[in-house]
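Asks:
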Amino acid sequence: MSFQGKCALITGSSRGIGRGIALKLSEKGARVAVHYFRNEAAAQHTLEKVRAHGSDGFIVQADVCRPDEIRRMFQQVRSEFGGLDIFVSNARTEAPTFYEPPMEISLEKWDTAVDSQAKAFLVAVREAAPLLSDGGRIVAITFAPGGRFGSWQPWVAMGAAKAAMESLVRYFAVALAGRGITVNSISPGWVEDSVLNSLPEAFQTGLREWQERGWTPMRRLGTPADIGNAVALICSPEAAWITGQLIEADGGASLVDAHLPLEFQGLEKTQEKHAKSKEA
Ligand SMILES: NC(=O)c1ccc[n+]([C@@H]2O[C@H](COP(=O)([O-])OP(=O)(O)OC[C@H]3O[C@@H](n4cnc5c(N)ncnc54)[C@H](OP(=O)(O)O)[C@@H]3O)[C@@H](O)[C@H]2O)c1
């Protein structure tokens, strides 16, 4: 798989999963527009790593909640690259900007979630389309469980915003199919070296143990590189016939039935086995 001669824009690639995607695409030869919001130093760091792969690119700042700033971002892409082959919508605002249960959430927080995902995607894809080469690729990074379930109450706004973006993916897939441009969603499971690392230590430890117990059948969290690999696959020429799909990149987490205890499903590691595998 090679992306030599291709140009990619990845929103939120200053850090976390976005950085993992930027590094994988640049390792395969793509030039990368590294987008950030406030963390210019982190974006520069990603760009240095892109250059260390022998590729190149530039950094670009924008608040994805603001359509005028999204348009300015694409103008910069046009002037630097002249065109685009891959657009990945990955940025997500910080949790305190939207994290509130349904009975209490302010309309401002609701709007932030929707503006940063569904509206940002609507505006960005319409800006990207004239720049994209025929056969280009659009990828939306989502978190599908947030839209599917209802138990993680403070996630309501982001869950609904991501679900709306996933729906837009299907509509844009049809709208752009005539040009051979594919539009897909990738839904990572929980990922290391991402927003997770900014959460309380007890949350991180609990979450890792939960996945290692069997709620992720591969018994680990994902990495930004895992998601970079998934994006690279869906952006490859061989994926030209796959469009409008939601792809779960989660080590099997979405396959586990929450109605049954893990031990009934043969998945629970006993405490002893768990301790042994940690020692090994
Ligand atoms: N982490 C997970 O386990 C996980 C699981 C499933 C799905 N996802 C999805 O994967 C994506 C990346 O998650 P992550 O955890 O890697 O993110 P992260 O580490 O929290 O990084 C967020 C990125 O978004 C940018 N950003 C924040 N507010 C912005 C705004 N208003 N406008 C434009 N950009 C903004 C940040 O830029 P600055 O660095 O400049 O602040 C940063 O690049 C998200 O869409 C998320 O929903 C994550």
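Under my numbering, the letters of the sequence shown match residues 195 to 474, in that order.
Glycine included, C-beta positions come from ideal geometry on N, C-alpha and C.
Between G416 and the rest of its own chain, which residues show a CB-CB distance below 6 angstroms, the 5 nearest in sequence each way excluded?
Replies: The residue labelled residue 416 in the question sits at position 222 within the sequence shown. The residues are P382, G383 and V385.
Asks: Let me check you understand the geometry: is the CB of T287 closer than 8 angstroms to at least one non-hydrogen atom of ligand 1?
Replies: Taking the sequence shown and counting its residues from 1, the one referred to as residue 287 is at position 93. For ligand 1, at least one heavy atom lies less than 8 angstroms from the Cβ of T287.
Asks: Starting from G212, trace the alpha helix (DSSP H) in both directions and tell me its first and last residue.
Replies: If you number the sequence shown from 1, residue 212 lands on position 18. In this chain, the alpha helix (DSSP H) harbouring G212 covers G210 to E221.
Asks: Starting from S361, follow the alpha helix (DSSP H) in both directions and report where the run begins and ends.
Replies: One-based indexing of the sequence shown puts residue 361 at position 167. Unbroken alpha helix (DSSP H) run through S361: V350 to L370.
Asks: For ligand 1, is there a heavy atom less than 8 angstroms away from the beta-carbon of D305?
Replies: Within the sequence shown, numbered from 1, the residue matching residue 305 stands at position 111. Set against 8 angstroms, the gap from the CB of D305 to the closest heavy atom of ligand 1 is not smaller.
Asks: Can you check which of these residues, G408, C429, L456 and A237, is closest to G445 by C-alpha distance?
Replies: For this step, residue 445 is matched to residue 251 along the sequence shown. Nearest option by C-alpha distance: G408.
Asks: Indicate whether F164 and R331 have their beta-carbon atoms separated by less than 9 angstroms.
Replies: Lying outside 195 to 474, the shown extent of the chain, residue 164 is not represented and no answer is given.
Asks: Which residues does DSSP pair with V271 in a beta bridge?
Replies: For the purposes of this step, residue 271 is identified with residue 77 of the sequence shown, where counting begins at 1. Answer is none; V271 lacks a bridge partner.
Asks: Just tell me which of V368, D451, L454 and E462 has its CA closest to the CA of I436.
Replies: If you number the sequence shown from 1, residue 436 lands on position 242. Taking only the C-alpha atoms, the option nearest I436 is V368.
Asks: With contact counted as at least three CB pairs below 8 angstroms, one residue from each stretch, are the region 341-348 and the region 293-302 in contact?
Replies: yes
Asks: Please state whether the Cβ-Cβ distance between H229 and A285 is less than 9 angstroms.
Replies: What you label residue 229 is simply residue 35 of the sequence shown in a count that begins at 1. What you label residue 285 is simply residue 91 of the sequence shown in a count that begins at 1. Yes, they are a contact pair.
Asks: Starting from R402, trace the alpha helix (DSSP H) both ways and give me its first and last residue.
Replies: By 1-based counting over the sequence shown, the position of residue 402 is 208. Secondary structure note for R402: its alpha helix (DSSP H) is the uninterrupted segment E395 to W404.
Asks: Quick check: G329 and A236, are their CB atoms within less than 9 angstroms of each other?
Replies: On the sequence shown, position 135 is the one that residue 329 refers to. On the sequence shown, position 42 is the one that residue 236 refers to. In this structure, A236 does not lie closer than 9 angstroms to G329 by Cβ.
Asks: What would DSSP say about V319, mapped onto helix, strand or coil?
Replies: As a first step, residue 319 must be located in the sequence shown, where it is residue number 125. Correct three-state label for V319: helix.
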